[in-house]
Structures are given as structure tokens and as C-alpha cells.
Amino acid sequence: MEYIPYKKETLDILAEDYYASSFVGEMGSEEYSQAFRSWLNDQTDGILKEQIEGLGFEADAVMALATTVCFNARWMEEFREENTKPATFHAEEGDMQRDFMNNLGAGFYYYGDHFGAILKFFDAGTANMAVIMPDKGVSVYDLLNDEQVLDLIEEGVQYKNKKSAIINLSISKFDVSSDRDLIEELRELGITDAFEKATANFSPITDEVENIWISKVQHGVRVITDEKGVKAASYTVETAAGATAMIRNEIDFVLDRPFLFVISAENGIPLFVGIVEKP
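Under the working numbering, the first residue of the sequence shown carries the number 477, and numbering increases by one thereafter.
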């Protein structure tokens, strides 16, 4: 089979500046699709195996760009397994019994006009998971557009609305996942030309195909928590066709209804953002 030649200078930039690997194969063949699935599973530590199983390439695809994130870290202060107890989680579809991890310790309680939050740190240091609970009567989805929530995510421990407290934390273990096509979300962010045959321009990659445009952006993610830590992974595939204060407060922070979580790297960049509707 004759393969489409790609421009070496572009592939070199992808490799040197973005640490990207390049592969070539027969689009539409099961052998190449299986090789692609195996690569994705290797990059995501196998925790997205079920979501990756159905991925593959159509015969009219000319290229694909795949990116992955894999995160595996232990809590700086682990939960004791003997303190994990069944309790009720009030999901939108009804109450359900789940195993709740419990911990008591000193820390900071962060708050805004419509939410309360804590930062749970990993043993890597400043990497953390922010757990954000909407106030009663506030939808968890409203937090996604809340300026104070965005400030908390960006500023982390420097966020100004906080107080020292003894925090009685109770949070359900959860295993959440999602699969979706991101084209509409990307359009809303202003990325439009790449999805249209008439306006897309991929000439830096190759001149051998007259029209190339992005026909699909598949995204899968899974986040698992337990007493020891968090394991999370995601893939995105774009397919182209043709100061310590005195502690005076004690706070019960019980996450027994839908909440928002944000896992941030040591540099503060959010890696995973999700809503737990039912653990």
C-alpha cells in the first residue's frame, strides 16, 4: 500500500517540542486499529480499556492525533480503611448507599458565596484534588461558571477566602467515567475552521491531500479514588477525514450529594475536572 507522505519538518517539530511519536499504517485495517488501541492502553495504564475497545479508524481517514494523560498518586494523608463506612449519597435519581472514607485533621476550609471546598494533597507535594460542594439550593453545574470557583482552581492555597479548621471529612469512594465527542465544545471555544472542509488548512502536514478536515474528536476519561489515592487517565483522539493561624473552627465537610472535583498538577494546571453525580 502507498502511504501519504507527511512533511518531515513538521513531524520533527512535533517530536522535539511536543514529545510526540509518529506512526504510519493502513487506515481502516483492523490490524492498525488494534495497534492504536494497544498504544492508548499502554499510555493510560489500562484503566480505560473498556472505553478504548471500540476505537478505530475508518478507511477514509488520512491521519489522527491522539493525546493522553495518566495520573497515579497517593494521598499525602491516606484514609484509614477501618474508618470507611457505608452511608447515604443523595443523587438526583435517588438515595444510594456507598462506602464513605472518613478523616479528621487540621487544614484550610475554602469558601465562596455558593460553595465550600477543601484541597486534598498528594504525596508529590503541591499536586492536589480540590473537592467543591455547592451550597444547598445551588446546582453543581452552576459552579462551572462561578468566578470564585475559577479563582480557587487557579490560585489554590493562595485563594483568599479560607479559614483554618479541624475538618471532619467524609467523602464517598468513586469511580467515574465519561465518553463524548468534543467538536461542539471546541466550536463554542472559537475553533471552527478546522472542522469545515472549505476552510480547514493542514498544509503544514502534507500537500498530497487536497482537502483535510477534522471529522471527529473523541474524548474518554476515568477517575478512581480510594483510601490510598487517585488513579486517573484520559485520551483525546482527533480524526481527520478526506502562615499558620490559630485553629478555632471545626467543620463537618460531608460530600453526600453531587459535587465538583479538580485534580491539579504541581504547577497548578488542572488535569482532570469532573462532577460526581453518583459515585
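For glycine and all other residues, C-beta sits at the position ideal for the given N, C-alpha and C. Computed from a predicted model, the values in this text were never measured in an experiment.
Taking C-beta atoms as the reference points, Ala537 and Met572 fail to come closer than 7 angstroms. Lys596 is not a Cβ neighbour of Met609, given a cutoff of 7 angstroms. For the 7 angstroms CB-CB criterion, Val633 and Val699 do not form a contact. For Asp611, the CB contacts under 7 angstroms within the same chain, skipping 5 residues up- and downstream, are His590, Phe591 in chain order. Sequence-distant Cβ neighbours of Arg733 in its own chain, meaning closer than 6 angstroms and more than five residues away, are His566. Put simply, of Gly613, Lys636, Ser615 the residue whose alpha carbon is nearest the alpha carbon of Gln624 is Lys636. Looking from the CA of His695, the closest CA among Glu686, Pro680, Glu684, Glu714 belongs to Glu714.
Counting the other Cβ atoms within 10 Å of the Cβ of Val607 gives 16 or more, which makes it buried. Taking all protein chains shown into account, Gln510 has fewer than 16 neighbouring C-beta atoms within 10 Å of its C-beta and is therefore exposed.
About 6 angstroms separates the Cβ atoms of Gln519 and Cys546, confirming a contact at the 8 angstroms cut-off.
Within the same chain, Asp669 come within 7 angstroms of Thr675 by CB-CB distance, once the 5 residues on both sides are set aside. Its Cα nearest to that of Lys692, the residue Glu672 stands out among Ala709, Tyr587, Glu672.
With a cut-off of 8 angstroms on Cβ pairs, the region 491-501 is not in contact with the region 682-691, counting fewer than three such pairs. Assignment of Arg513 by DSSP, reduced to helix, strand and coil, places it in the helix class. Annotation: the continuous alpha helix (DSSP H) that includes Ile629 extends over 623-631. Apart from sequence neighbours up to five positions away, the residues of its chain that approach Gly532 with a beta-carbon distance below 6 angstroms are Ser509, ordered along the chain.
In the DSSP annotation of this structure, the continuous segment of the alpha helix (DSSP H) that includes Leu490 starts and ends at 484-494. One alpha carbon belongs to Phe678, the other to Leu628, and they sit about 38 angstroms apart.
DSSP places Ile659 in the helix class (H, G or I) of the three-state scheme.
Here the alpha carbon of Thr712 sits roughly 30 angstroms from the alpha carbon of Leu731. The three-state secondary structure of Ile643, taken from DSSP, is strand. Where Lys596 is concerned, the enclosing beta strand (DSSP E) starts and stops at 591-597. A residue is called buried once 16 or more other Cβ atoms fall within 10 Å of its Cβ, and Ala535, having fewer, is exposed. When beta bridges are read from the DSSP output, Ile690 appears opposite Ala716. Going by C-alpha positions, Asp655 is about 30 angstroms away from Thr682.
It is roughly 14 angstroms from the alpha-carbon of Ser505 to the alpha-carbon of Gly530. With 16 or more other CB atoms across the displayed protein chains lying within 10 angstroms of its CB, Leu516 is buried. Looking at the DSSP output, Met572 sits in a beta bridge with Phe565. Excluding residues up to 5 positions away in sequence, Ile681, Thr682 lie with their Cβ nearer than 6 angstroms to the Cβ of Tyr482 in the same chain.
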